[in-house]
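For any residue, its number in my numbering is found by taking its place in the sequence shown, counting from 1, and adding 1.
Ideal Cβ positions, reconstructed from N, Cα and C, are used throughout, including at glycine.
Here the structure comes first, spelled out in structure tokens, and everything after it is commentary.
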Amino acid sequence: MKSAYDCVVIGAGPAGGSAASITAEAGLETLLIERERVPRFHVGESLMPETFWPLQRLGLTDRIRSAGWQVKKSVQFVSHRGSESAPFFFREHDERECSDTWQVERSEFDKMLFDRAAELGADCYDETRLTDVRFDDAGKAIGVVVKDQSGQTKPIDCKVVIDATGQQSFIANKLGLKEVNPDLKKAAIWGYYRDAVRDEGDNEGATIILQTESKDAWFWFIPLSRGITSIGCVSDNDYLLKGRGTPEQVYAEELDRCPGLKPRLEPATRLGNLRTAKEFSYMTKQHAGDGWVLVGDAFGFIDPVYSSGVYFALDMGVRAGDAVVQGFRENDLSGERLAAWADEFKQGAMWVRKLVHAFYTKEFSIGRFMKEHPEHRGTLTDLLIGRVFKEGAEKMFDDMEKSIQQAKMSMAT
2 MKSAYDCVVI
12 GAGPAGGSAA
22 SITAEAGLET
32 LLIERERVPR
42 FHVGESLMPE
52 TFWPLQRLGL
62 TDRIRSAGWQ
72 VKKSVQFVSH
82 RGSESAPFFF
92 REHDERECSD
102 TWQVERSEFD
112 KMLFDRAAEL
122 GADCYDETRL
132 TDVRFDDAGK
142 AIGVVVKDQS
152 GQTKPIDCKV
162 VIDATGQQSF
172 IANKLGLKEV
182 NPDLKKAAIW
192 GYYRDAVRDE
202 GDNEGATIIL
212 QTESKDAWFW
222 FIPLSRGITS
232 IGCVSDNDYL
242 LKGRGTPEQV
252 YAEELDRCPG
262 LKPRLEPATR
272 LGNLRTAKEF
282 SYMTKQHAGD
292 GWVLVGDAFG
302 FIDPVYSSGV
312 YFALDMGVRA
322 GDAVVQGFRE
332 NDLSGERLAA
342 WADEFKQGAM
352 WVRKLVHAFY
362 TKEFSIGRFM
372 KEHPEHRGTL
382 TDLLIGRVFK
392 EGAEKMFDDM
402 EKSIQQAKMS
412 MAT
């Protein structure tokens, strides 16, 4: 590990791995560090189809095709009564090769990104912890301090810091930039099952979203390779984790209230213990400054319901990496230059955020909305695919808001 780099990337998840690959491939001296040993466990296995494009940019699509992961061709929703929507098949909407995506083991997927950054010239170190980001008197990032595998503390100079520290959001917390969404303070309890019942044919690898009877919680059903399925329960943090007993007890109670899921688990065996996580939604009010830029969950986090996290992280990593490269070419590493991509990204992410809020509105039903407005099925499928950086979603959300208000009025009377 050298004492100075052009660019230091903190965190080797999808955002950090992709950003480091872009800057290293452009010839910038790049350091990528990860605090845990690689490979390491991480949740978030389901990929949106639009993930294909940043993976293609990184030169990884052929490796992913040959990795043996479960192919994902659709998503499906199951109501609180157990009624199943028709699957949303991506290829019916878009016949290109990007319409088939994957359910990945994140430990293997993230290691693939870590290794790719190294192949392209980045110095990559795991078990290396960030202890500080250094700023000069003018507020410009000028380096980092890390603790390496031997426990030695090292100051490292650099011209740009890419913060991909995930929900730790190191720079955002240091500078007080994080704004938590009070309406989306969620938590998750999840585990892994062998031999859970999957659909046949093209819907075998579908991500399925299943609501509980009260609609106070929902479950994800994500089929992985080797007969393993990731199954998690999400709800308000206080509802799920406060005053109801152990996570094991709460998970069992919510599973008993989910009529669409119980039959799928009758022949299944759970593997290992349950895991828990807080999934607070937040955004940062400043995304870059002189010599630094935020990507991935360090930039913001919405919600796990539509599996947007990995795609958004990869997309941000590529965009920020390109901005850093361009900044070096123009000798402009200002916050404005490094965040030149952020407004367009936030505009696209806003549609997913709106869809998340609609999902958590108890009176709202995606199935009912599709029956009322079949003309919006294409737009909704676009969002489920991840094609959010295009115009045209405004009309659907205008009609969706009207549908929500009408449902609320109907429930009130």
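- Spatial neighbours of Ala20 in its own chain (CB-CB distance under 7 angstroms, excluding positions within 5 residues in sequence) are listed in chain order as Val10, Ile163, Ala165, Val296, Gly318, Ala321, Gly322.
- The stretch 153-236 contains, as complete beta strand (DSSP E) runs of 3+ residues, the segments 154-164, 179-195, 208-212, 218-224 (chain order).
- Burial check for Val235: the Cβ neighbour count within 10 Å reaches 16 or more, so the residue is buried.
- DSSP, read as helix, strand or coil, puts Trp70 in coil.
- For Arg97, there is no enclosing beta strand (DSSP E), as DSSP gives it neither H nor E.
- The stretch 278-295 and the stretch 326-343 touch, with no fewer than 3 CB-CB distances between them shorter than 8 angstroms.
- Approximately 22 angstroms separates the beta-carbon atoms of Phe78 and Ile229; this is outside 8 angstroms, ruling out the contact.
- Under the three-state reduction of DSSP output, Leu59 falls in the coil class, being neither helix nor strand.
- Runs of the alpha helix (DSSP H) lying entirely within the stretch 286-356, each at least 4 residues long, are 310-331, 336-339 in chain order.
- Counting along the chain, the unbroken beta strand (DSSP E) around Asp133 starts and ends at 130-136.
- With a 10 Å radius around the Cβ and a threshold of 16 neighbouring Cβ atoms, Pro305 comes out buried.
- By the neighbour-count criterion, in which 16 or more other beta carbons inside 10 Å mark a residue as buried, Gln348 falls on the exposed side.
- Per DSSP, reduced to three states, the secondary structure at Asp127 is coil, with no helix or strand assignment.
- Comparing C-alpha distances from Lys286 to each of Leu275, Leu178, Tyr6 shows the shortest one belongs to Leu178.
- Met49 sits in coil when the DSSP states are folded into three classes, being neither helix nor strand.
- In the structure shown, the three-state DSSP call for Asp239 is helix.
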